[in-house]
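Undergrad: Let me give you the structure first, and then I'll get to my questions.
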Amino acid sequence: MTIVSTAIGLVVDFRWYIIAALVVVYSAKGYAEYRRLRAFNGPFLAQWTDLWLAKAAFGTNQCGALADVCANYGSIARVGLNTLVTTSPDLIIRMSAARSGYSKGDWYAGTRIPPGQDNIFSQQDDEKLARRRAQMADGFSGKTNPSLEPTIDKHVCSLVNLLRSKYISTTESFRPVDMARKIGFYAMDVITDLAFGKPYGNLENDKDMYDYIQLTEAMIPVVVRMSAIPVLRTLFQTEWISKALFPSDTSEAGIGRLLGIAKKQVSQRYANKNIDHQDMISSFIAHGLTETDLVAESVMQILAGGETPATGFRSTLLFIITNPRVYATLQKEIDNALKTDGMISRPVVKDREWRQLEYLQAVVREGLRLCPPVTGLLSKVSPAGGDEFVVDGERVFIPGGTNIGWACWGMYRDKAVFGEDSELYRPERWLEEQNQDKLERMRKVVDLNFGYGKYYCLGRQVALSEMHKGVFELFRNFDLEIVNPARPWKSQNLGSWIQREMLVRVTERK
Numbered sequence: 001m002t003i004v005s006t007a008i009g010l011v012v013d014f015r016w017y018i019i020a021a022l023v024v025v026y027s028a029k030g031y032a033e034y035r036r037l038r039a040f041n042g043p044f045l046a047q048w049t050d051l052w053l054a055k056a057a058f059g060t061n062q063c064g065a066l067a068d069v070c071a072n073y074g075s076i077a078r079v080g081l082n083t084l085v086t087t088s089p090d091l092i093i094r095m096s097a098a099r100s101g102y103s104k105g106d107w108y109a110g111t112r113i114p115p116g117q118d119n120i121f122s123q124q125d126d127e128k129l130a131r132r133r134a135q136m137a138d139g140f141s142g143k144t145n146p147s148l149e150p151t152i153d154k155h156v157c158s159l160v161n162l163l164r165s166k167y168i169s170t171t172e173s174f175r176p177v178d179m180a181r182k183i184g185f186y187a188m189d190v191i192t193d194l195a196f197g198k199p200y201g202n203l204e205n206d207k208d209m210y211d212y213i214q215l216t217e218a219m220i221p222v223v224v225r226m227s228a229i230p231v232l233r234t235l236f237q238t239e240w241i242s243k244a245l246f247p248s249d250t251s252e253a254g255i256g257r258l259l260g261i262a263k264k265q266v267s268q269r270y271a272n273k274n275i276d277h278q279d280m281i282s283s284f285i286a287h288g289l290t291e292t293d294l295v296a297e298s299v300m301q302i303l304a305g306g307e308t309p310a311t312g313f314r315s316t317l318l319f320i321i322t323n324p325r326v327y328a329t330l331q332k333e334i335d336n337a338l339k340t341d342g343m344i345s346r347p348v349v350k351d352r353e354w355r356q357l358e359y360l361q362a363v364v365r366e367g368l369r370l371c372p373p374v375t376g377l378l379s380k381v382s383p384a385g386g387d388e389f390v391v392d393g394e395r396v397f398i399p400g401g402t403n404i405g406w407a408c409w410g411m412y413r414d415k416a417v418f419g420e421d422s423e424l425y426r427p428e429r430w431l432e433e434q435n436q437d438k439l440e441r442m443r444k445v446v447d448l449n450f451g452y453g454k455y456y457c458l459g460r461q462v463a464l465s466e467m468h469k470g471v472f473e474l475f476r477n478f479d480l481e482i483v484n485p486a487r488p489w490k491s492q493n494l495g496s497w498i499q500r501e502m503l504v505r506v507t508e509r510k
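So in the numbering used here, spot 59 of the sequence shown is number 59, and the numbers just go up one at a time.
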């Protein structure tokens, strides 16, 4: 007790010296970090602290804030003590190349769910990531997983049937439908059916079963924000803190409930792993994933594989029905295809068939350009010895250990890549461009929505199939118009998109 009292007394007596020492240490560290990245401009706060990054992360337009920084300070700009962002697609491609010295940065550590358990998205070790990708790749392949396209087709039909049975408006009856919500149901049913061999039945019941979509919408912004802010990320991934803060899998709400459902479903399938199922989870088990691995991968599949295709689908649909020229051109292409004997299958267009429809593909690609589904930093970390890169005509040195994220909102509006009207939704740009090198560059840049190189998204073809089939079948079957053009939806960007209340009037096509 005497020792404790003496220690407390010393702290009190020398408190100002202690405070002064802490200030000096913090200032010295801050100055060292400032000098390390002093070649890169950015907001004043970002030169000395992570407060600017925290403000952007907790705002409602994170992707716009990052784009504005690059617009004001250059295509590589500083947004934190050790964080840069870029609108340069060449740098993003360089960082993601198979043999680059870059690796995933600590931003990804914040996406470990549960904390401490890596998944294919959070894994920062390139060798471990390559092994996990090899284990999971076949599950996303239609060749070894023949149920992929029929499963998607089944839920396209469910979406069409739901609209036809409950939401058709006539001159006597007005039944507006929240298409943002129904598309969310569609995407969640697809990914849960593909992942577990059974959908949650959102479309069948016209309800957010298990509150999964609500939980996902609540959880993704938390994950993305925690990932963006270094101090929060570190705290959340510290074992004893995460155990205290992270909800139990027996919780009735939030991420705990999401984790509990995933554990239950994986446990059931693992207990019957010898039964011949032709779905993703069977493929993953066959390739050596443990039950613990499957739980982590399942949660990430739901969070990423449900919401991101839904975002691309919703955004593209909104762009179409608010642009009469685009609507008419797309409708004409669909109608002409339907009039050509043997070109389009029923009840759902096949993948090989929509790939023949140039304007449909341009419509979706342009939607992904103007509203990229994944807008978090996705930071990569530079190699230990640093890296030299030419940006805005000047060669710059990026010190080793620097986190570099992307500002995709700005990158996809780059006039040098997409033309002077880059802010405009104009699918024709993909069909009119005569310079094949420029067209190929445009495509390569937009494809960065699905990653590149060693970080290429395994679910790309599934997502594209969901979107193209969904768009085609809506316009094959219905006429659509937005209810309130002055406020077509509620949309926020919190590092990911939250899109709600997209009210649409649906009528049968004549």
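Heads up, the beta-carbon is just placed ideally off N, CA and C, and yes, glycines get one too. Predicted, not measured: the structure shown is a model, and the values here were computed from it.
How many angstroms separate the CA atom of Arg-78 from the CA atom of Trp-48?
TA: Their backbone Cα atoms lie some 10 Å apart in a straight line.
Undergrad: What would DSSP say about Leu-480, mapped onto helix, strand or coil?
TA: Of the three classes helix, strand and coil, the one that applies to Leu-480 here is strand, per DSSP.
Undergrad: Which residues does DSSP list as the beta-bridge partners of Gly-80?
TA: Per DSSP, Thr-83.
Undergrad: With a threshold of 8 Å on Cβ separation, who are the neighbours of Phe-121 within its own chain once the five nearest residues in sequence on each side are excluded?
TA: Answer for Phe-121: Tyr-108, Thr-111, Met-300, Ala-304, listed in chain order.
Undergrad: Under 8 Å Cβ to Cβ from Thr-250, same chain only, skipping five residues before and after it: list those, please.
TA: Here the set comprises Gly-256, Gly-260.
Undergrad: Between the C-alpha atoms of Ile-113 and Gln-278, what's the straight-line distance to the nearest angstrom?
TA: Each residue's Cα considered, the two are about 26 Å apart.
Undergrad: Are Cys-63 and Ala-407 close, meaning C-beta to C-beta below 9 Å?
TA: The answer is yes: Cβ separation under 9 Å.
Undergrad: Alpha carbon to alpha carbon, how far is Leu-148 from Phe-246? Give it in angstroms, no decimals.
TA: The straight-line gap from Cα to Cα measures roughly 34 Å.
Undergrad: For Ile-213, which of Asp-138, Gly-306, Ala-137 has the nearest alpha-carbon?
TA: Residue Gly-306 is the option with its Cα nearest to Ile-213.
Undergrad: Could you give the residue range of the beta strand (DSSP E) that holds Leu-159?
TA: It is not in any beta strand (DSSP E) - Leu-159 instead sits in the alpha helix (DSSP H) that spans 148-166.
Undergrad: State the CB to CB distance for the pair Ile-321 and Ile-482, rounded to an integer number of angstroms; the pair is presumed to be in contact (CB under 8 Å).
TA: Rounded, the Cβ-Cβ distance is 6 Å, consistent with contact.
Undergrad: What is the residue span of the alpha helix (DSSP H) that Glu-297 lies within?
TA: Note, Glu-297: alpha helix (DSSP H), 291-321.
Undergrad: Drop a sphere of 10 angstroms on the beta-carbon of Phe-450, count the other beta-carbons inside from all chains shown, and report buried for 16 or more, exposed for fewer.
TA: Buried, since its Cβ has 16 or more Cβ neighbours within 10 Å.
Undergrad: May I ask you to list the residues that DSSP assigns as paired with Phe-397?
TA: Paired residue(s): Glu-388.
Undergrad: Indicate whether the contact test is met: 3 or more Cβ pairs, each with one atom in the stretch 125-133 and one in the stretch 411-420, closer than 8 Å.
TA: Counting Cβ pairs under 8 Å, fewer than three are found: no touch.
Undergrad: Could you say which of Trp-497, Phe-478, Met-502, Leu-474 lies nearest to Pro-485 if we only look at CA atoms?
TA: Comparing Cα positions, the closest option is Met-502.
Undergrad: Any idea if Trp-354 is buried or exposed, counting beta-carbon neighbours within 10 angstroms, 16 or more meaning buried?
TA: Trp-354 should be labelled buried.
Undergrad: Between the alpha carbons of Cys-457 and His-468, how many angstroms are there, rounded?
TA: Distance between the alpha carbons of Cys-457 and His-468: 18 Å.
Undergrad: Using the beta-carbon count (16 or more within 10 Å), is Asp-193 buried or exposed?
TA: Buried: at least 16 other Cβ atoms inside 10 Å.
Undergrad: I need the straight-line Cα distance from Gly-139 to Thr-170, nearest angstrom please.
TA: For Gly-139 and Thr-170, the distance between alpha carbons rounds to 43 Å.
Undergrad: With DSSP run on the structure shown, which of helix, strand or coil describes Val-349?
TA: It is coil, neither helix nor strand.
Undergrad: Counting Cβ pairs closer than 8 Å, one from the stretch 396-403 and one from the stretch 376-388, do we hit at least three?
TA: The stretch 396-403 is in contact with the stretch 376-388.
Undergrad: Helix or strand or just coil, what does DSSP make of Val-25?
TA: Confidence at Val-25 is low in this model, with a pLDDT of 46, below 50, so the placement of that residue should be treated as unreliable; the coordinate-derived value is given next. Reduced to three states, the DSSP call for Val-25 is helix.
Undergrad: Taking DSSP as the reference, what is the three-state secondary structure of Asp-178?
TA: Of the three classes helix, strand and coil, the one that applies to Asp-178 here is strand, per DSSP.
Undergrad: Assuming the contact rule is C-beta atoms closer than 8 Å, Ser-96 and Thr-86 should be a hit. Round their C-beta distance to whole Å, please.
TA: Actually they do not touch by this definition, with Cβ atoms about 12 Å apart.
Undergrad: Apart from the five residues on each side of it in sequence, which residues of its chain come closer than 7 Å, Cβ to Cβ, to Phe-58?
TA: Excluding positions up to five away in sequence, the list reads Arg-225.
Undergrad: Considering only residues of the same chain and omitting the five flanking positions on each side of Asn-323, which have a CB-CB separation below 7 Å?
TA: If we look at Asn-323 and ignore the five residues flanking it on each side, its Cβ neighbours are Tyr-425.
Undergrad: So for Thr-216, helix, strand or coil by DSSP?
TA: Thr-216: helix per DSSP, three-state reduction.
Undergrad: Determine the burial state of Gln-268: buried for a count of at least 16 other Cβ atoms within 10 Å of its Cβ, exposed for fewer.
TA: Exposed, because fewer than 16 other Cβ atoms sit within 10 Å of the Cβ of Gln-268.
Undergrad: What are the boundary residues of the alpha helix (DSSP H) that Ile-120 is part of?
TA: Segment: none, Ile-120 is in no alpha helix (DSSP H) and carries neither H nor E.
Undergrad: Helix, strand or coil for Glu-508, going by three-state DSSP, please let me know.
TA: Glu-508 falls in the strand class under three-state DSSP.
Undergrad: Exposed or buried, what is Glu-423 when buried is set at 16 or more other beta-carbons lying within 10 Å of its beta-carbon?
TA: Exposed, by the Cβ-count rule.
Undergrad: Is the separation between the beta-carbon of Val-349 and that of Phe-478 shorter than 9 Å?
TA: No.
Undergrad: Just how far apart, CA to CA, sit Glu-433 and Thr-292?
TA: Computed Cα separation, rounded: 49 Å.
Undergrad: Could you check what DSSP says for Gln-278 in three-state terms: helix, strand or coil?
TA: Coil, per DSSP.
Undergrad: Is the separation between the beta-carbon of Leu-289 and that of Gln-124 shorter than 9 Å?
TA: Result no, Cβ atoms of Leu-289 and Gln-124 do not sit closer than 9 Å.
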